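K.L.:
Numbering (our numbering), first residue to last: -4 to 126.
1) Going by other Cβ atoms of all chains shown within 10 Å of its Cβ, with 16 needed for buried, is residue 63 buried or exposed?
2) Note down the Cα distance separating residue 76 from residue 122, rounded to an integer number of angstroms.
3) DSSP three-state label for residue 73, please.
4) Please identify the residue among 56, 24, 99 and 13 whose C-alpha is closest to the C-alpha of residue 110.
5) Counting along the chain, where does the alpha helix (DSSP H) carrying residue 11 start and finish?
6) Helix, strand or coil: which one does DSSP assign to residue 100?
7) Under 8 Å by Cβ, that's how I've got residue 11 and residue 68 pegged, so tell me the actual separation to the nearest angstrom.
8) Which residue comes first and which comes last in the alpha helix (DSSP H) that contains residue 48?
9) By the 10 Å Cβ neighbour count, where 16 or more other Cβ atoms means buried, how is residue 60 classified, buried or exposed?
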């Protein structure tokens, strides 16, 4: 596979909140989405539903060492095949299955200050000097 990203990605499970419009133009909020990786150009999410390529999302990224969320706007660049996870619930003996999707997001609207916050966080968290 040919790498087409402009920026490196770093494996990190971060809490993300998303806001977007569904196919009926209704606003949908997902409060507890996790990232798989993050870089200066975007991130990969583990998402509870499939999203169409080109869909725009408002994001709140919570960098764990920073108490203030990082606002950004992102565009769905790809949606991966669904992954089935078995979830253990208190009232189930064998757990239950939940379908989750990998969604690749490219940052399309993030100001210089917040991009710099991501850069500094990556450098500190992953001991990287040159990105």
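Yeah, the Cβ is synthetic: ideal placement off N, Cα and C, and Gly gets one too.
As the structure is a prediction and not an experimental result, all values here were calculated from the model.
P.N.:
Taking the structure as given:
1) exposed
2) 32 Å
3) strand
4) 56
5) First-last for residue 11: 10 to 16, but that is the beta strand (DSSP E), not the alpha helix (DSSP H).
6) strand
7) Not a contact, Cβ separation roughly 13 Å.
8) No alpha helix (DSSP H) holds residue 48; DSSP gives it neither H nor E.
9) exposed
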